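Colleague: In full-length UniProt numbering, the protein residues as written are 1 to 463. Here a beta-carbon is modelled for each residue, glycine too, at the ideal position from N, C-alpha and C. Remember, predicted model here, so these are calculated numbers, not experimental data.
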């Protein structure tokens with residue numbers, strides 16, 4: 001359930017928290033209202049018109065009471081602000097009490113349901129957001145007065161539906177991946193390649209970053225939302241592993257363009273995913289930088305996008321990707337002016353690397369050298385090809401992981417043709433390490449490179 005939807009419940013339930021005697025006076029089931037918000041109940045709902053009328057009337061009373069209480073609190077000194085926050089601090093326990101009473105009234109089934117748990121967590125998160133927005137000046141005083149440790153976090157997001165959580169369910173194996181419910185956990189565990197599912201049973205225990213632990217999505221000045229590192233991230237590390245949507249669906253509603261259709265949002269945010277356009281909801285929050293510190297690949301084995309670090313990333317650094325890869329040293333792939341026409345991004349004409357004369361000169365040198373290397377390999381002029389490879393590796397423009405990977409493979413092949421098998425095996429081992437740092441170890445790509453490395457190592461043992 002989204003925070004936006006749960007806010008209306010927060011307005012109504014806040015009144016219940018402050019005046020808990022109202023719990024017993026509720027006569028109309030919440031079934032219709034909860035169904036509207038995406039929470040499901042198996043009991044029969046009352047007529048929608050009656051439920052809506054009750055809710056609207058209750059909401060008006062709640063708003064009046066809330067406005068009065070807020071005005072009174074604002075006029076109080078900080079030493080007298082306890083009474084109103086005490087009601088807020090009771091929201092979680094009130095939710096539980098409400099659930100018990102609804103079961104007794106046969107409005108909700110007696111069996112355990114995640115609906116109330118999800119509502120509880122969403123309401124708790126909303127309390128925090130409301131306190132920050134409305135009472136930021138003395139938030140710490142309020143928290144100290146009511147001793148509400150649950151208001152302080154830390155907060156997580158469901159790995160599948162991305163709802164904000166204060167009491168997440170963690171994967172029992174890795175204790176890192178967070179969920180809002182068992183339903184989301186089950187979907188994310190097994191259904192690889194299905195509707196944003198990571199297929200966590202394949203990735204659980206492997207090294208990669210999780211939201212709210214290694215990185216977070218927060219507002220970036222002048223850019224909207226962006227991805228920012230919370231911890232130091234080493235070069236070649238996986239930052240995130242995320243499922244992909246291959247068609248415009250409602251999950252894209254919060255993406256840009258703000259007032260565009262779902263198809264518009266899909267087309268603006270999609271990336272190549274195994275030859276098909278696809279959208280990953282967290283990866284698409286990464287902003288563009290011509291000198292990006294991260295890149296991404298599609299691992300077709302389990303249908304996921306993998307974001308990885310191109311260089312070491314410090315805590316607090318924004319994690320950016322290049323939308324155009326202008327600095328690909330092996331070929332020039334950047335269409336003219338696509339940054340401005342598609343994403344309305346205008347590079348700084350002075351400081352941006354894409355206009356730096358030294359960077360551009362290095363790129364031209366690398367591309368010319370690589371074309372020469374390909375020709376020398378075709379002509380089986382191995383010594384000259386090796387010399388050109390060493391020269392291109394010394395260029396400052398060579399820093400992309402995939403470029404390093406390709407050059408390692410070429411160098412290993414050339415060294416093997418020169419019967420320098422130990423050096424060739426070392427190059428292949430380096431390429432394999434890069435491959436396994438990014439792709440899943442069981443992927444066809446990793447298996448193929450493992451076989452190549454094994455063959456290279458075997459040649460070293462021959463007399």
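1. From the DSSP output, in three-state form, read off residue 190 for me.
2. Please work out which residues of its chain come closer than 8 Å, Cβ to Cβ, to residue 218, disregarding the five sequence neighbours upstream and downstream, and give them in chain order.
3. Determine the contact status of residue 198 and residue 249, defining contact as a CB-CB distance below 8 Å.
4. Alpha carbon to alpha carbon, how far is residue 390 from residue 369? Give it in angstroms, no decimals.
5. Could you check if residue 282 is buried or exposed, using at least 16 other CB atoms within 10 Å of its CB as the buried criterion?
6. Note down, in chain order, each residue of its chain lying with its Cβ closer than 7 Å to the Cβ of residue 201, except the 5 sequence neighbours on either side.
7. Figure out for me which residue from 254, 324, 328, 351 has the closest Cα to the Cα of residue 341.
8. Whose CA, out of 207, 376, 183, lies closest to the CA of residue 440?
9. What residues in its chain sit with their C-beta under 8 Å from that of residue 459, if we drop five residues either side in the sequence?
10. Based on DSSP bridge pairs, tell me the residues matched to residue 361.
11. Can you give the Cα-Cα distance for residue 418 and residue 382, rounded to whole angstroms?
12. Compare the beta carbon distance of residue 377 and residue 385 with 8 Å and say whether it is the shorter of the two.
13. If you reduce the DSSP assignment to three classes, tell me which class residue 248 lands in.
14. Tell me, to the nearest whole angstrom, how far the beta carbon of residue 265 is from that of residue 257; I am working on the premise that it is less than 8 Å.
15. Do the stretch 313-332 and the stretch 396-416 touch if we need at least three Cβ pairs shorter than 8 Å?
16. Give me the Cβ distance between residue 436 and residue 446, rounded to the nearest whole Å; I'm assuming they're in contact under 8 Å.
17. Grouping DSSP H, G and I as helix and E and B as strand, with all else coil, what is residue 464?
18. Quick one: residues in its chain with C-beta nearer than 6 Å to the C-beta of residue 180, no 5 flanking neighbours on either side, listed in chain order?
19. For a quick check, are the C-beta atoms of residue 354 and residue 290 less than 8 Å apart?
20. In this structure, what does DSSP give as the bridge partners for residue 238?
21. Considering only C-alpha positions, which residue in the set 431, 357, 194 is nearest to residue 450?
Modeller: The answer reads as follows:
1. Residue 190 carries a helical assignment under DSSP once its states are collapsed to helix, strand and coil.
2. Non-local beta-carbon contacts of residue 218 in its own chain, meaning distances under 8 Å to residues more than five positions away in sequence, involve 225, 226, 228 in chain order.
3. no
4. 10 Å
5. buried
6. Sequence-distant partners of residue 201 (beyond 5 residues in either direction) whose C-beta falls short of 7 Å from its own C-beta, in its chain, are 189, 190.
7. Nearest C-alpha to residue 341 among 254, 324, 328, 351: 324.
8. 207
9. 416, 421, 424, 425
10. Residue 361 is not bridged to any residue.
11. 7 Å
12. yes
13. Reduced to three states, the DSSP call for residue 248 is coil.
14. 7 Å
15. yes
16. 5 Å
17. For the chain, the structure presents residues 1 to 463; residue 464 sits outside this window and is missing.
18. 118, 158, 163, 165
19. Result yes, Cβ atoms of residue 354 and residue 290 sit closer than 8 Å.
20. 308
21. It is 431 whose Cα lies nearest to the Cα of residue 450.
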